[in-house]
Amino acid sequence: SHYPTDYFEGAAPEFLNTLRSPKRKITYFGGHRHSTDQSSTTGIWPNSNWLVGGGGGWSCDTTMQGFVVGEIGLDYSVKTWQKIVDAPTCCSLR
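Counting in the working numbering, the sequence shown runs from 119 upward without gaps.
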């Protein structure tokens, strides 16, 4: 989605509740802000979500600039981790 989970707190709480459902394993990716993290979003435990709007270019809202790597296992499990780049170098390219 274009929007991270915290955008749905007041506007679509039922959507957040669906993302939190333990019936399916969900990894949600949102953007809009210029950062790569899991700390500035609203949690959807037991599932996970990422803000993946980092990488410099247009703007740098935090020093956490980079991308998320995802790996889907043979058992359909999903593992994700962030790769952070040097923020001063990345953000000076604007």
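Idealized CB from N, CA, C, for every residue including glycine.
Quick caveat: nothing in here was measured; it's all calculated off a predicted structure.
- Residue pairing by DSSP places tyrosine 146 opposite Asn167 in a beta bridge.
- The beta carbons of isoleucine 162 and isoleucine 144 sit about 7 Å from each other, so the pair counts as a contact at 8 Å.
- As the crow flies, the alpha-carbon of glycine 128 is around 17 Å from that of histidine 150.
- Apart from the 5 residues on each side of it in sequence, valine 203 sits with its Cβ closer than 6 Å to the Cβ of Gln183, Gly184 in its chain, given in chain order.
- Serine 153 is positioned such that its CB atom lies closer than 9 Å to that of cysteine 178.
- Cα atoms of lysine 197 and serine 210: separation of roughly 31 Å, rounded to the nearest angstrom.
- For aspartate 124, the closest C-alpha among the options Thr180, Ser158, Gly188 is that of Ser158.
- Approximately 12 Å separates the beta-carbon atoms of leucine 134 and glycine 148; this is outside 8 Å, ruling out the contact.
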